[in-house]
Amino acid sequence: MENQNLNLLDRALGLDGPSEPWPLSGRVVLIEDCVETSGSFVLHQLVKRSLSPTSSNVIIFVAFANPFSHYDRILRKLGCNLVTQRDNKRFIFFDMLMLRCPDVDEGKSSEGGLVLLYEKILKTICGLPGDKKDYVTIMIDDISLVEVAANGGSDYVLDFLHYCHALTSEFDCSLITLNHEDIYSSMERPTLILQMEYLADILIKAEPLSTGLATDVHGQLTVLNKGTSHRLGRSGNKIHNFHYKVKENTVEYFYPGSRV
Amino acid sequence: MKAAQTPHKKEVPCVFGRPPQLPITKIIRLSAALLARHRRCSTPTAALSLPPRVCSLRPESLSCRLSTIYSWHFTGKTKLCSVDAAMATTKPRLSSFSRNLSAVSSSQTPGVKCGPNGTMFVSSGIADLDKILGGGFPLGSLVMVMEDAEAPHHMLLLRNFMSQGLVHGQPLLYASPSKDPRGFLGTLPSPASLKHDKSRDRESEQEKGLRIAWQYKKYMGENQPNFDSHRDNKQDYCNEFDLRKPLERHYFTRQRVNCVGIQDSKNLAALQEHCASFLAQHQRNDGSCALAGRIAIQSLCAPQCEHSNMDWEMLSFIKSLKGMVRSSNAVVVITFPPSLLSLSSTKRWQHMADTLLSVAAIPDEDKELAKLLSGYQDMVGLLNVHKVARLNTQVPFILEATTFSIKLQKRRFLVLECLNQAPVDGSSGSSYGTSGSCSGSSKAGTLDF
Chain A
42 MENQNLNLLD RALGLDGPSE PWPLSGRVVL IEDCVETSGS FVLHQLVKRS LSPTSSNVII
102 FVAFANPFSH YDRILRKLGC NLVTQRDNKR FIFFDMLMLR CPDVDEGKSS EGGLVLLYEK
162 ILKTICGLPG DKKDYVTIMI DDISLVEVAA NGGSDYVLDF LHYCHALTSE FDCSLITLNH
222 EDIYSSMERP TLILQMEYLA DILIKAEPLS TGLATDVHGQ LTVLNKGTSH RLGRSGNKIH
282 NFHYKVKENT VEYFYPGSRV
Chain B
16 MKAAQTPHKK EVPCVFGRPP QLPITKIIRL SAALLARHRR CSTPTAALSL PPRVCSLRPE
76 SLSCRLSTIY SWHFTGKTKL CSVDAAMATT KPRLSSFSRN LSAVSSSQTP GVKCGPNGTM
136 FVSSGIADLD KILGGGFPLG SLVMVMEDAE APHHMLLLRN FMSQGLVHGQ PLLYASPSKD
196 PRGFLGTLPS PASLKHDKSR DRESEQEKGL RIAWQYKKYM GENQPNFDSH RDNKQDYCNE
256 FDLRKPLERH YFTRQRVNCV GIQDSKNLAA LQEHCASFLA QHQRNDGSCA LAGRIAIQSL
316 CAPQCEHSNM DWEMLSFIKS LKGMVRSSNA VVVITFPPSL LSLSSTKRWQ HMADTLLSVA
376 AIPDEDKELA KLLSGYQDMV GLLNVHKVAR LNTQVPFILE ATTFSIKLQK RRFLVLECLN
436 QAPVDGSSGS SYGTSGSCSG SSKAGTLDF
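Chains as they are written, first to last, in our numbering: chain A, 42 to 301; chain B, 16 to 464.
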């Protein structure tokens, strides 16, 4: 990690330290975005960092939003070949685009689809060779579509997320999820997003600038890192805020006003 | 001299028998007048050969003169050959105004264009919208149009979209909450005839005389000469549609158009079946582009449909439709009135769209707006571009302007224009800061500049 070009996001996430143990293992990361600014570039960045040659991570990518070809093309431009990684069993892709829990039996079946998904993830983790089992990252893109797949049963989605969260303590894997915060901002009791924000150790929020979109600055990122515990003890909450510009091969992060 | 004759290399066209003494521009004017009599000829060609010593003008400036004065005849096919006495023809030089359209369209499939990142585009039916969106609608994407309850402008977009597909022979699936969806096909516009194109080109040329500095952006794009060939309708990527002329009936054959009514069905299962079978015929097979398909669903959450209060059912339908269309060579356009959905549902729908547009009505006789915008009287409505499809890439598409005015040119042709601020009337005595500024307007909330 040390000899790579680290950007502000890496530093905010704590990825600028030693790569063993993986700084995000056992932690839950929530990425929030809105219609004007999509946060999927953060997800791509995390995929790239997780699959770097110095780390031995395995990613289980549960995709509800886009097919494999979409991520493959994007990551290739970022310098990471997902097809090779998939063949090397470092990148496991679950295509959930067509998942639809049949609502014939209102309660049971919606849950049923997600229970099966959880079991599939568990089986995959247990099926990994011993050394790889400690470095699993589960990524879910995105939670609002999991809700749609469960026909609105957000309780089942929460149960599913709690079970995945249990995996972070059981297997030391990290859980990275993406959700759209503006869907819940008009609700009276947005249980799902509140619980997710509570569970998350790191909260990354992508928002547009208050002055609107611009060609040079695509938006601002706010990273809330809820205390890391390492050898030197626990550190408190840290909030980072910076602007970003998304390009094909990279994403530029810079403090407001510091861009020439 | 009649048109379409290639004179001998040393022959000077004898218009009136005294060519060496006539100035060049006069020769051109006279021959153009002759060509005018042969206007019926669809591809008028004329070869003027002039010995170099007579022609004091350089070939480039000669072609410029030709183009500015007689554009409606010289449509980009003019070649200037410098004829040397010793050689029959030297390398033909393409004149400065012929447009190089190489690698823009896929020659195998009409109506499909290659785009960046391995995407392919089909036209929306509105040339200005294609330009704004960077090429058109990408195949495999979901386009959503948010309706305005006060005006049916989304129908304009839908009609052009459907007509464009039919003109290119692309199969269409149309779903609507009306009692007789097939009847809507009678309102689809037809591509404008050639005559209209020619006269339109000529008029735009004549208007070019005076350029006003404060609207320079309007003319920036017009610096490229307007010579794209509208000659062959079938081969055009995007046609000009004449809203007053209905589409010929032979386009509506049963194989090509399938109309589905969604008002009477209990839920969306039937529509989903139709879409699934339609999209199965357009499966993408690794790069090869068979015929592209189009699905147009009008007013998906219209209140007369039984499913309109089943929020999750509709979301589920859209999600599965999106999943199916991603792996096929088709584009889906869904229009819906957001005022009938809850705020949270509207946001969910917006997130599911790859391309998100919205239309808004413009009140008639709004004096505030008339003072603020130029060309207010011609505007029919406003179009807002919220999101542009980003398939296979993470880079957002930032537009210079997101709000455009919908205008009907000559009450026939749909055009989209950037909003331009009207000039502040100095004589009225009001200062720039009050009446002219955008932020001071009472309507600033609905308009994005």
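Backbone N, C-alpha and C fix where the C-beta goes; we use that ideal spot for every residue, glycine too.
Does any residue of chain B bring its CB to less than 8 Å from the CB of residue i?
i: residue 146(A); result: Caution applies to residue 146(A), whose pLDDT of 45 falls short of 50 and renders its modelled position unreliable; the model cannot decide the point.
i: residue 120(A); result: no
i: residue 19(A); result: Outside the displayed range of chain A (42 to 301) lies residue 19(A), so it cannot be described from this structure.
i: residue 288(A); result: yes
i: residue 81(A); result: yes
i: residue 281(A); result: no
i: residue 115(A); result: yes
i: residue 185(A); result: yes
i: residue 218(A); result: no
i: residue 108(A); result: yes
i: residue 129(A); result: no
i: residue 189(A); result: yes
i: residue 300(A); result: no
i: residue 85(A); result: yes
i: residue 193(A); result: yes
i: residue 221(A); result: yes
i: residue 95(A); result: no
i: residue 259(A); result: yes
Residues in the same chain with beta-carbon distance under 6 Å from residue i, minus the five sequence neighbours each way, listed in chain order, please.
i: residue 297(B); result: 308, 343, 344, 345
i: residue 282(A); result: 263
i: residue 265(A); result: 244, 280
i: residue 51(A); result: 57
i: residue 302(A); result: Residue 302(A) lies beyond the residue range present for chain A, which begins at 42 and ends at 301; the question has no answer from this structure.
i: residue 58(B); result: Because the pLDDT at residue 58(B) is just 42, under 50, the model does not fix this residue reliably, and the value given afterwards should be weighed accordingly. Excluding sequence neighbours, residue 58(B) sits near nothing in its chain.
i: residue 186(B); result: 271, 308
i: residue 369(B); result: 156, 157, 404
i: residue 247(A); result: 74, 78, 80, 260, 262
i: residue 287(A); result: 82, 259
Can you check whether the C-beta of residue i is within less than 8 Å of a C-beta belonging to chain A?
i: residue 146(B); result: no
i: residue 363(B); result: yes
i: residue 149(B); result: no
i: residue 297(B); result: no
i: residue 366(B); result: yes
Leaving out the 5 sequence neighbours to the left and right, which residues in its chain are closer than 7 Å to residue i when beta-carbon positions are compared?
i: residue 117(A); result: none
i: residue 437(B); result: 386, 387, 388, 389
i: residue 138(B); result: 126, 145, 151, 179, 252, 253
i: residue 204(A); result: 159
i: residue 291(B); result: 339
i: residue 106(B); result: Since pLDDT at residue 106(B) reaches only 40, below the 50 mark, its modelled position is unreliable, and the value read off the structure follows with that caveat. Excluding positions up to five away in sequence, the list is empty.
Take residue i and list the residues in its own chain whose beta-carbon comes closer than 8 Å to its own, dropping the five residues that flank it on each side.
i: residue 135(B); result: 121, 127, 128, 129, 153, 154, 304, 307, 344
i: residue 147(A); result: Only weak support is given to the placement of residue 147(A): the predicted model assigns it a pLDDT of 49, under 50, and the question is left unresolved by the model.
i: residue 330(B); result: 360, 363, 364, 367
i: residue 205(B); result: 178, 256, 257, 260, 261, 262, 263
i: residue 250(A); result: 258, 260, 261, 284
i: residue 31(A); result: There is no way to answer for residue 31(A), as the model of chain A reaches only from 42 to 301.
Interface residues of chain E around residue i at Cβ under 8 Å?
i: residue 141(A); result: Looking for chain E here will not work: the only protein chains present are A and B.
Using a Cβ-Cβ cut-off of less than 9 Å, give me the residues of the segment 401-423 of chain B that come near chain A, in sequence order. 401, 402, 405, 406, 407, 408, 409, 410, 411, 413, 414, 415, 417
Which residues, in chain order, does the segment 327-360 of chain B contribute to contact with chain A at a C-beta distance below 7 Å? 327, 330, 331, 334, 335, 338, 341, 342, 358, 359
Three-pair Cβ contact test at 8 Å for the segment 145-160 of chain B versus the segment 353-373 of chain B: yes
Contacting positions in the segment 224-238 of chain A - beta carbon closer than 9 Å to chain B: 224, 225, 226, 227, 228, 231
Positions along the segment 123-143 of chain B whose CB lies within less than 7 Å of some CB in chain A: 132, 133
Quick test of the definition: if touching needs 3 or more C-beta pairs under 8 Å, does the segment 82-102 of chain A touch the segment 173-182 of chain A? yes
Going residue by residue through the segment 321-393 of chain B, where are the continuous alpha helix (DSSP H) segments of at least 4 residues, counting only ones entirely within it? 326-341, 358-367, 382-387
Does the pairing of the segment 174-184 of chain B with the segment 307-324 of chain B give three or more beta-carbon distances under 8 Å? yes
Mind listing, in chain order, the continuous alpha helix (DSSP H) runs of no fewer than 4 residues lying wholly within the segment 66-123 of chain A? 81-91, 109-119
Quick one, which residues of the segment 54-76 of chain A are near chain B if we go by CB-CB under 7 Å, in chain order? 76
Which ranges does the beta strand (DSSP E) cover as unbroken runs of at least 3 residues, wholly within the segment 146-217 of chain A, from first to last along the chain? 177-182
What are the start and end residues of each continuous beta strand (DSSP E) run of 3 or more residues lying completely inside the segment 137-191 of chain B, in chain order? 157-161, 187-191
Counting pairs of Cβ atoms below 8 Å between the segment 392-412 of chain B and the segment 348-359 of chain B, do you hit three or more? no
Quick check on the DSSP output: what are the complete beta strand (DSSP E) runs of length 3 or more inside the segment 390-438 of chain B, in order along the chain? 394-402, 418-424, 428-433
For the segment 184-198 of chain B against the segment 260-278 of chain B, do three or more pairs of beta-carbon atoms, one drawn from each stretch, fall closer than 8 Å, so that the two count as touching? yes
Evaluate contact between the segment 197-211 of chain B and the segment 316-333 of chain B, counting only Cβ atoms and requiring at least three cross-stretch pairs below 8 Å. no
Could you give the uninterrupted runs of the beta strand (DSSP E) lying entirely in the segment 251-296 of chain B, keeping only those of 3 residues or more? 256-261, 272-276
Taking only beta carbons into account, state which residues of the segment 245-256 of chain A come closer than 9 Å to chain B, listed in chain order. 253, 254, 255, 256
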